[in-house]
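Data block below; observations after.
In the UniProt record's numbering, the protein residues as written are 1 to 347.
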């Protein structure tokens, strides 16, 4: 079954000009390929570029985080979702670089003409290409857009306007050459959506982690915790993606921000004297807090997305002998602090 599925994917990529056959002597780097199952009895072909990725220059980039998600959401929003089909394959590889993306199959040699799924640069170039058309859409439609690679969420306060604009935006994307995965899209506005690792309730402005995602998040924490307890080193380049995966915890627990900063600053200090491929020891301060993060994730309680600004009224006064200040909180409580000037303050 898997061999038949692989042959079908190979033929499909040839028909769609994603790959092209070449003479074996033209290939400069051979990469293994395989297929993995997808939902609904479908398959995805993967180029195993692990060896190739080690030889190419690492480019640092930042994907959308939970801070941007919180900033874009409004209480009472409606949302629709769009999914782009074969997202990376929309990008054409520079011809002199194609021989490095070669592979052998069925006794023949091929190279990728379009960007494959598997190289470390694929997730970088794709958002840059998509950003141009999304900027145009945002400017002309007044629709807020959350996007993570090929996964888009369209947001607006007016349900009917969002429904109409979603259909228009689909046509704009197709006009720019993007292919919409119709079966994955949800064009009927709703107020409960999944995005990144979260289930978002836009009516109540609440969020919680998607249950099936919990093992994916707890595993890197467990690995770091185990290495740290054994005082074992961790490769610097492995720490960067782990910090990225855990960034969304900043919403779930405030302490996460501090621990992620400790890990990130430790990584930065190590890079001053070491290379990405070398080892580092994590700061001791994070051990207890990593255990706390695991406990919080296990409970998976709903959290609010509302940013509540605490209001307070402060009054202060001073005399020749001393000073005083009162702080009246929104709750009605009043805090008082006062004292006399010391010798240094008097002068």
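Built from N, CA and C at the ideal position, the CB exists for glycine as well.
### Message
Which of the three DSSP states is assigned to residue 30 in this structure?
### Response
strand
#### Entry: Assigned secondary structure, residue 279 (DSSP; H/G/I helix, E/B strand, else coil)
strand
### Query
Should residue 188 go down as buried or exposed, given a rule of 16 or more other Cβ atoms within 10 Å for buried?
With fewer than 16 other Cβ atoms within 10 Å, it is exposed.
### residue 186 in three-state terms, based on DSSP
strand
### Query
Exposed or buried, which one is residue 153 when buried takes at least 16 other CB atoms within 10 Å?
Its Cβ being crowded by 16 or more others within 10 Å, residue 153 is buried.
### Query
Would the beta-carbon of residue 157 fall within 8 Å of that of residue 74?
yes
### Query
Hey, which unbroken runs of the beta strand (DSSP E) at 3 residues or more fall wholly within the region 109 to 173?
144 to 148 and 151 to 156
### Message
Suppose you measure from the CA of residue 140 to the CA of residue 180; what does that come to, to the nearest Å?
### Response
20 Å
### Task
Please work out which residues of its chain come closer than 6 Å, Cβ to Cβ, to residue 192, disregarding the five sequence neighbours upstream and downstream, and give them in chain order.
Excluding the 5 residues flanking it on each side, residue 192 has same chain C-beta neighbours closer than 6 Å at 201, in chain order.
### Query
Which class does residue 93 belong to by DSSP, given the choice of helix, strand or coil?
coil
### Query
Can you check whether the CB of residue 173 is closer than 8 Å to the CB of residue 109?
no
### Query
Which term fits residue 322, buried or exposed, when burial requires 16 or more other beta carbons within 10 angstroms of its beta carbon?
Counting Cβ neighbours within 10 Å, residue 322 comes out exposed, since fewer than 16 surround it.
### Message
For residue 207 and residue 305, which I take to be in contact (beta-carbon distance under 8 Å), what is that distance rounded to the nearest angstrom?
### Response
6 Å
### Task
Apply the 10 Å Cβ neighbour rule to residue 178 and answer buried if 16 or more other Cβ atoms are within range, or exposed otherwise.
Residue 178 is buried by the Cβ-count criterion.
### Message
Can you look up residue 320 in the DSSP assignment and give me helix, strand or coil?
### Response
Coil.
### Message
Is it buried or exposed, residue 344, if we count other Cβ atoms within 10 angstroms and call 16 or more buried?
### Response
exposed
### Task
For residue 226, count neighbouring C-beta atoms within 10 Å of its own C-beta (all shown protein chains included) and say buried if the count is 16 or more, exposed if not.
exposed
### Message
For residue 294 and residue 218, what's the separation of their Cα atoms in angstroms?
### Response
Their backbone Cα atoms lie some 6 Å apart in a straight line.
### Message
For residue 337, which residues in the same chain have their Cβ closer than 6 Å to its Cβ, ignoring the five residues on either side in sequence?
### Response
325
### Message
With distance defined between alpha-carbon atoms, name the residue in 3, 221, 113 and 147 nearest to residue 34.
### Response
Cα-wise, what sits closest to residue 34 is 3.
### Message
Measuring straight from C-alpha to C-alpha, what distance separates residue 184 and residue 136?
### Response
23 Å
### Task
Sort 83, 195 and 101 by Cα distance to residue 50 and report the nearest one.
Answer by Cα proximity: 101.
### Task
Taking residue 10 as part of the beta strand (DSSP E), name the residues at either end of that continuous run.
Taken as a continuous stretch (DSSP letters only), residue 10 belongs to no beta strand (DSSP E), being part of the alpha helix (DSSP H) at 2 to 15.
### Task
Flag this pair as yes or no: are the beta carbons of residue 144 and residue 72 separated by less than 8 Å?
yes
### Query
residue 301: buried (16+ other C-beta within 10 angstroms of its C-beta) or exposed?
exposed
### Query
Is residue 23 buried or exposed, if buried means 16 or more other CB atoms sit within 10 Å of its CB?
exposed
### Query
Near residue 84, what residues of its chain come up, given a Cβ to Cβ distance below 6 Å and the 5 sequence neighbours on each side ignored?
150 and 178
### Query
Among 129, 78, 103 and 112, which one has its Cα closest to the Cα of residue 96?
112
### Query
Since residue 99 contacts residue 47 with CB under 8 Å, what's their CB separation in whole angstroms?
Between residue 47 and residue 99 the Cβ distance is about 14 Å, and since that is not below 8 Å, they are no contact.
### Message
Do residue 80 and residue 186 have their beta-carbon atoms positioned less than 8 Å apart in this structure?
### Response
yes
### Query
By Cβ distance, which residues of its chain are closer than 6 Å to residue 317, with the 5 residues on each side in sequence left out?
324
### Query
Are the CB atoms of residue 19 and residue 13 nearer to each other than 8 Å?
For residue 19 and residue 13, yes; Cβs fall inside 8 Å.
#### Entry: Endpoints, the beta strand (DSSP E) within which residue 194 is located
192 to 195 is the span of the beta strand (DSSP E), which, as asked, contains residue 194.
### Query
According to the Cβ coordinates, are residue 10 and residue 131 closer than 8 Å?
no
### Query
Helix, strand or coil for residue 71 per DSSP?
helix
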